[in-house]
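Here the structure is laid out as structure tokens; the discussion comes afterwards.
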Amino acid sequence: MTATVTFEKPRPELLDGPRGWEHRAACADLPTADFFTDDVDEISAAKRVCLRCEVRGECLDAAVARREQFGIWGGHLFVAGRIVLSKRRRGRPPKVPRPNDSFPEVDVPAPYRRLVATEVA
1167 MTATVTFEKP RPELLDGPRG WEHRAACADL PTADFFTDDV DEISAAKRVC LRCEVRGECL
1227 DAAVARREQF GIWGGHLFVA GRIVLSKRRR GRPPKVPRPN DSFPEVDVPA PYRRLVATEV
1287 A
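Structure below.
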């Protein structure tokens, strides 16, 4: 059995008004599914979008306030409500680590360090 999930853009009237931070986000015109993936390369690409975003802090604040469980928010990968700093590829690990297996580094603000997972996802 195969399930198909379709992510839609939030309706503008549900955001925090016409001057909300969401419309200024670097990801505003990108497919939402790009930020809800298990693929390491796609996660890295999404985090690179966040690195150049002017509202990264607001996004992270909103995600923590909403208790987001999954996805890339404010440049951080959330898995089961925790911030995950690294993620392994599926399958057997290579004998020699691949250089592209690490995510772009994004500092975790001090108030949110309690959310950092201690295990690799």
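Each step along the sequence shown adds one to the number in the working numbering, with nothing skipped, and position 49 is 1215.
Just so you know, even glycine gets a beta-carbon here, dropped at the ideal spot from N, CA and C.
Quick caveat, the model's predicted, so the values are computed rather than measured.
Residue nearest to residue i in terms of C-alpha spacing, selected from the options
i, options, result
"residue 1228", "1188, 1251, 1274", "1188"
"residue 1223", "1233, 1201, 1242, 1281", "1242"
For residue j and residue i, the rounded distance between their alpha carbons
i, j, result
"residue 1197", "residue 1212", "11 angstroms"
"residue 1236", "residue 1277", "19 angstroms"
"residue 1186", "residue 1194", "12 angstroms"
Test item: CB-CB of residue i and residue j under 8 angstroms
i, j, result
"residue 1216", "residue 1231", "no"
"residue 1282", "residue 1272", "no"
"residue 1225", "residue 1240", "yes"
Residues that residue i bridges to, as DSSP identifies them
i, result
"residue 1248", "1245"
"residue 1282", "1249"
"residue 1237", "1244"
Notebook entry, point to check: At what residue ranges does the region 1183-1222 contain a whole run of the alpha helix (DSSP H), taking only runs of 4 or more?
Noted result: 1206-1217
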